[in-house]
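These protein sequence lines map, in sequence, to chains Z and P. Using this note's numbering, read the first sequence as starting at 1 and increasing by one per residue. Using this note's numbering, read the second sequence as starting at 480 and increasing by one per residue.
Number of protein chains: 2
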Amino acid sequence: MADNKKMVEEITSMDVDFAQWYTDIVKKAELIDYTSVKGCMVIKPAGYAIWENIQNELDRRFKETGVENVYLPMFIPESLLQKEKDHVEGFAPEVAWVTHGGLEPLQERLCVRPTSETLFCDLYSKDIHSHRDLPKLYNQWCSVVRWEKTTRPFLRSREFLWQEGHTAHATAEEAEERTILMLNTYASFLEDVLAIPVVKGRKTDKEKFAGAEATYTIEALMHDGKALQSGTSHNFGDGFAKAFGIQYTDKNNKLQYVHQTSWGMTTRLIGAIIMVHGDDSGLKLPPRIAPTQAVIIPIMPKKEGVLENAAKMEAALKAAGIRVKTDNSDKSPGFKFAEQEMRGIPVRIECGPKDMEKNQCVVVRRDTREKIIVCLDELAVKVPEILETMQKDMLETARAHRDAHTYTAHNYEELMDILENKPGFVKAMWCGDQACEDKIKEVASATSRCIPFEQEQISDVCPICGKPAKHMVYWGKAY
Amino acid sequence: MADNKKMVEEITSMDVDFAQWYTDIVKKAELIDYTSVKGCMVIKPAGYAIWENIQNELDRRFKETGVENVYLPMFIPESLLQKEKDHVEGFAPEVAWVTHGGLEPLQERLCVRPTSETLFCDLYSKDIHSHRDLPKLYNQWCSVVRWEKTTRPFLRSREFLWQEGHTAHATAEEAEERTILMLNTYASFLEDVLAIPVVKGRKTDKEKFAGAEATYTIEALMHDGKALQSGTSHNFGDGFAKAFGIQYTDKNNKLQYVHQTSWGMTTRLIGAIIMVHGDDSGLKLPPRIAPTQAVIIPIMPKKEGVLENAAKMEAALKAAGIRVKTDNSDKSPGFKFAEQEMRGIPVRIECGPKDMEKNQCVVVRRDTREKIIVCLDELAVKVPEILETMQKDMLETARAHRDAHTYTAHNYEELMDILENKPGFVKAMWCGDQACEDKIKEVASATSRCIPFEQEQISDVCPICGKPAKHMVYWGKAY
Numbered sequence: 001m002a003d004n005k006k007m008v009e010e011i012t013s014m015d016v017d018f019a020q021w022y023t024d025i026v027k028k029a030e031l032i033d034y035t036s037v038k039g040c041m042v043i044k045p046a047g048y049a050i051w052e053n054i055q056n057e058l059d060r061r062f063k064e065t066g067v068e069n070v071y072l073p074m075f076i077p078e079s080l081l082q083k084e085k086d087h088v089e090g091f092a093p094e095v096a097w098v099t100h101g102g103l104e105p106l107q108e109r110l111c112v113r114p115t116s117e118t119l120f121c122d123l124y125s126k127d128i129h130s131h132r133d134l135p136k137l138y139n140q141w142c143s144v145v146r147w148e149k150t151t152r153p154f155l156r157s158r159e160f161l162w163q164e165g166h167t168a169h170a171t172a173e174e175a176e177e178r179t180i181l182m183l184n185t186y187a188s189f190l191e192d193v194l195a196i197p198v199v200k201g202r203k204t205d206k207e208k209f210a211g212a213e214a215t216y217t218i219e220a221l222m223h224d225g226k227a228l229q230s231g232t233s234h235n236f237g238d239g240f241a242k243a244f245g246i247q248y249t250d251k252n253n254k255l256q257y258v259h260q261t262s263w264g265m266t267t268r269l270i271g272a273i274i275m276v277h278g279d280d281s282g283l284k285l286p287p288r289i290a291p292t293q294a295v296i297i298p299i300m301p302k303k304e305g306v307l308e309n310a311a312k313m314e315a316a317l318k319a320a321g322i323r324v325k326t327d328n329s330d331k332s333p334g335f336k337f338a339e340q341e342m343r344g345i346p347v348r349i350e351c352g353p354k355d356m357e358k359n360q361c362v363v364v365r366r367d368t369r370e371k372i373i374v375c376l377d378e379l380a381v382k383v384p385e386i387l388e389t390m391q392k393d394m395l396e397t398a399r400a401h402r403d404a405h406t407y408t409a410h411n412y413e414e415l416m417d418i419l420e421n422k423p424g425f426v427k428a429m430w431c432g433d434q435a436c437e438d439k440i441k442e443v444a445s446a447t448s449r450c451i452p453f454e455q456e457q458i459s460d461v462c463p464i465c466g467k468p469a470k471h472m473v474y475w476g477k478a479y
Numbered sequence: 480m481a482d483n484k485k486m487v488e489e490i491t492s493m494d495v496d497f498a499q500w501y502t503d504i505v506k507k508a509e510l511i512d513y514t515s516v517k518g519c520m521v522i523k524p525a526g527y528a529i530w531e532n533i534q535n536e537l538d539r540r541f542k543e544t545g546v547e548n549v550y551l552p553m554f555i556p557e558s559l560l561q562k563e564k565d566h567v568e569g570f571a572p573e574v575a576w577v578t579h580g581g582l583e584p585l586q587e588r589l590c591v592r593p594t595s596e597t598l599f600c601d602l603y604s605k606d607i608h609s610h611r612d613l614p615k616l617y618n619q620w621c622s623v624v625r626w627e628k629t630t631r632p633f634l635r636s637r638e639f640l641w642q643e644g645h646t647a648h649a650t651a652e653e654a655e656e657r658t659i660l661m662l663n664t665y666a667s668f669l670e671d672v673l674a675i676p677v678v679k680g681r682k683t684d685k686e687k688f689a690g691a692e693a694t695y696t697i698e699a700l701m702h703d704g705k706a707l708q709s710g711t712s713h714n715f716g717d718g719f720a721k722a723f724g725i726q727y728t729d730k731n732n733k734l735q736y737v738h739q740t741s742w743g744m745t746t747r748l749i750g751a752i753i754m755v756h757g758d759d760s761g762l763k764l765p766p767r768i769a770p771t772q773a774v775i776i777p778i779m780p781k782k783e784g785v786l787e788n789a790a791k792m793e794a795a796l797k798a799a800g801i802r803v804k805t806d807n808s809d810k811s812p813g814f815k816f817a818e819q820e821m822r823g824i825p826v827r828i829e830c831g832p833k834d835m836e837k838n839q840c841v842v843v844r845r846d847t848r849e850k851i852i853v854c855l856d857e858l859a860v861k862v863p864e865i866l867e868t869m870q871k872d873m874l875e876t877a878r879a880h881r882d883a884h885t886y887t888a889h890n891y892e893e894l895m896d897i898l899e900n901k902p903g904f905v906k907a908m909w910c911g912d913q914a915c916e917d918k919i920k921e922v923a924s925a926t927s928r929c930i931p932f933e934q935e936q937i938s939d940v941c942p943i944c945g946k947p948a949k950h951m952v953y954w955g956k957a958y
């Protein structure tokens, strides 16, 4: 048992140092590695397989709504980036610039895309002529670059993987509908697949995307009580269309500007999975996203029939559609158990000679560590059931944690007390002025996370300035 | 019929101007679009959907051989690129350089990866310690940049999409085995899925990859008789391992260098599909790779029952696993036929009131234009059969064209005559000296495509210099 104890002891406890616990997990579960390129990371097989599952499932959901995938260049000429004023102001300070191609200096420098609104607009301005060309519902999976000063694996890195959807519509209503549809697609993906409950709402003007008319967001609460913006959907109105001249002739033969949206999700979702579900033994992957859902660990594998039985179990589970592996290595069972827990594989299945005598095996859930005796004949029925139960339980556990760490502030003292002493979301009223947001940022390092769709009337005035309240806002400290 | 005639007339005939025909197809079939970024292109939905099918099918084949996907940074520090001498000499002249991050100049400039050997080596040098860590079988799907002077859609562009596999092994034998395994994976993918026959062989030293010990290639012949290098697999021996210090302790506790391979395939495969199968009416997609395999075109759709019948056919075909769409737009049938041909959809299914009276429909093959009367009750059985037949026929047609354009040169005059007057592959003997390759390049603008695995003894001497022959080589003009 020495090996597996060592493996576990090397993880810092989350209560001692959450940031170090996080870093330990991403390294020990072999999700990422640092590289010679400052601020950039290697996504290793265990991490990339999670991203592939996220991609497959999201991509399927996008396509069901009519979205088509495309690929646009990774470079944006400086003059193109500058076409929309707010947009360039938001992004220019954090882009990487290519100045030389081969041995020659470039005539115009190119930035490595931090996001591709300008390229999509350039394409749409050439491709859209008539109302028959609308809507355009494009998405691309790619990597983008933002020259961040401080970086953290998955959460903030100079290069990250994401998808960016960009749509163009005939009317403002259609654009707003698409913006909300994609926000809901993100929210249900997080809840159904990643077992992460979210708060849906609108960003304040201070926090919205550079160039957007409205930004909608899903906000999730991590185990340490910090918020993570987990996906955003923007309604651009016709601002980009006017800057780029994207016009179509409507049914009455009149020229009109299109209305646009964009929406994105990134590899930071993997950070969310770690920080919502993980514990001091390692990662905990929700079954629906886990690359390996079950690992079979033969006990006393040299005894007659044990490996054959493991192979039979594996075949039965595969036939039932379970992503299963058998660990036949010569490591000790204890080490294998610790490894399964570290890697967050939803269930392990132990079976040795004594179990075989009783025609049974032991299924151990990663989340509760519950041991469930399962008759071998029922394995292919019971394991999918256990995984489904676990998926639901993980969502409920995360929701209970989130709810237990969501507070209500009726006045300034309560708001300050909570922001200082109770990590979590704080619901409070807001007058709508950015000055109050700036003050909260200054005194408590917290930000408005969103104006939630589900509004409550906590008080009549803004607890910060005392002026009449316009909205209820979720406040919090965020990644 | 005016509309569809116009659509077709806008394609230049391939016999008049093959290059223009190619450009017309990629534009008219809406595979790509040019952009504001010189030498870079937009891959549009119809093109990207082909790439997604290529990815899915290749990725599945890779994973069956134990390959795992990862993602490495898009940037390479200049000092890292320089670690392997041949490699940097091969790539430095054609990379794009990032010199500024945000508002600051970088301390060390970064190139945008033209390929990722150096990054994989950097990772392996940290991750590989013991023989238990081997083999490493990693692959990544990403975009790479090479600052080409002249570009053509799919065939040569400054940025392109590809996969790059990078493996590390304990022994030279294992590395060689993996190199050949991946070459064979590529070859069977092209033949089985893309219906493109290939010649497998080894590159000469002049043509091999910068830093490789041996490069293997699959070479395909395009309709105009030019060759297209369609996939390469490299055995690096321990050259990179020595440059990067990638060592492991073997079972006897002795330090050893690993042996490495890399192998890649790119979006140029889409160019190969166009140039092997296309005709003057447009694209011809092999059924196994076609995003849409069948399009139902209702004839006289306003007549009672026609649209309902089309919907029933679509449902039956979908249930049979066919990727099918119905074109219910108000375009004329003739326009829809021309569009199906332009886009290369393998079969169209016509059905109007008269067909319905006879309980039948007409299935028209894109490749032969053969019209096949199919009883509606048998549709879900017959269409998959027709698609399978078509897949096989397209491979045989391409093979017949390739064979008819593969010539044998017994002496210098024959070699020159063929290279000048008969576009295609030329088989001829070779002494093994680069001087003879250089001469052929100079006088006939042709290159050695490969030393094929299937050798023939055409003559005893090299037709170029008269010295004893070592190998038979395929020569040709190439993209």
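Idealized CB from N, CA, C, for every residue including glycine.
- Residue ranges of uninterrupted alpha helix (DSSP H) with 4 or more members, entirely inside the region 513-581 of chain P and ordered along the chain, are 524-543, 557-560 and 564-570.
- At least one CB atom of chain P sits nearer than 8 Å to the CB of residue 97 (chain Z).
- For residue 234 (chain Z), the nearest beta carbon of chain P is not closer than 8 Å to its own beta carbon.
- Closer than 8 Å to the CB of residue 66 (chain Z) there is not a single CB belonging to chain P.
- Boundaries of the alpha helix (DSSP H) harbouring residue 21 (chain Z): 18-28, taken from the DSSP string.
- Residue-level contact by beta carbon fails for residue 563 (chain P) and chain Z, as no gap is shorter than 8 Å.
- Collapsing the DSSP output to three states places residue 312 (chain Z) in a helix.
- Closest option to residue 515 (chain P), judged by alpha-carbon separation, among Z:192, Z:303, Z:125 and Z:134: Z:125.
- Identification of chain P residues near residue 387 (chain Z) by a Cβ-Cβ cut-off of 9 Å yields none; the smallest Cβ-Cβ distance measures about 22 Å.
- Below 8 Å, enough C-beta pairs join the region 640-655 of chain P and the region 745-752 of chain P to call them touching: three or more.
- Residue 608 (chain P) counts as exposed, since fewer than 16 other C-beta atoms from the protein chains shown sit within 10 angstroms of its C-beta.
- Residue 702 (chain P) and residue 907 (chain P) have their C-alpha atoms spaced approximately 21 Å apart.
- Here residue 242 (chain Z) has 257 as same chain residues with Cβ atoms under 7 Å from its own Cβ, once five neighbours each way along the sequence are excluded.
- In the DSSP annotation of this structure, residue 333 (chain Z) is not part of any beta strand (DSSP E); the continuous alpha helix (DSSP H) holding it starts and ends at 333-343.
- Contact of residue 94 (chain Z) with chain P by beta-carbon distance below 8 Å involves 581.
- Between the alpha carbons of residue 678 (chain P) and residue 927 (chain P) lies a gap of roughly 13 Å.
- By the C-beta criterion, the region 568-575 of chain P is judged not to be in contact with the region 771-785 of chain P, since fewer than 3 inter-stretch pairs fall below 8 Å.
- Neighbours of residue 641 (chain P) in chain Z, taken as residues at a C-beta separation under 7 Å, are lacking, since the least C-beta distance is about 12 Å.
- Per DSSP, the continuous beta strand (DSSP E) segment holding residue 776 (chain P) begins and ends at 773-777.
- With respect to the 8 Å criterion, residue 450 (chain Z) and residue 201 (chain Z) are classified as neighbours on the basis of their beta carbons.
- Cβ atoms of residue 765 (chain P) and residue 673 (chain P) come within 8 Å of each other, at about 6 Å.
- Residue 935 (chain P) sits exposed, since fewer than 16 C-beta atoms from the chains shown fall within 10 Å of its C-beta.
- The beta carbon of residue 470 (chain Z) is closer than 7 Å to those of 430, 431 and 432 in its chain, skipping five residues each way along the sequence.
- Between residue 476 (chain Z) and residue 435 (chain Z) the beta-carbon gap is near 19 Å, outside 8 Å, which marks them as no contact.
- Only 512, 514, 515 and 516 from the region 499-517 of chain P bring a Cβ to less than 8 Å from some Cβ of chain Z.
- Within the DSSP bridge table, the entry for residue 140 (chain Z) names Z:164 as partners.
- Among the CB atoms of chain Z, none fall inside 8 Å of the CB of residue 809 (chain P).
- Judged by beta-carbon spacing, residue 840 (chain P) lies within the 8 Å limit of residue 834 (chain P), meaning their Cβ atoms are closer than that value.
- The beta-carbon of residue 263 (chain Z) is placed no less than 8 Å from the nearest beta-carbon of chain P.
- Taking 8 Å as the CB threshold, residue 548 (chain P) lines the interface with chain Z.
- Ranked by Cα distance from residue 632 (chain P), the options P:893, P:758, P:876 and P:517 are led by P:517.
- For the C-beta of residue 122 (chain Z), the chain P residues within less than 8 Å are, from N- to C-terminus, 514 and 515.
- Per the coordinates, the alpha-carbon of residue 560 (chain P) lies some 22 Å from the alpha-carbon of residue 548 (chain P).
- In this structure, DSSP gives residue 436 (chain Z) a helical state, which the three-state scheme calls helix.
- For residue 125 (chain Z), there are no C-beta contacts with chain P under 9 Å, since the nearest C-beta of that chain is about 10 Å from it.
- Chain-order list of chain P residues neighbouring residue 78 (chain Z): empty, with the shortest C-beta distance near 11 Å, by a criterion of under 7 Å.
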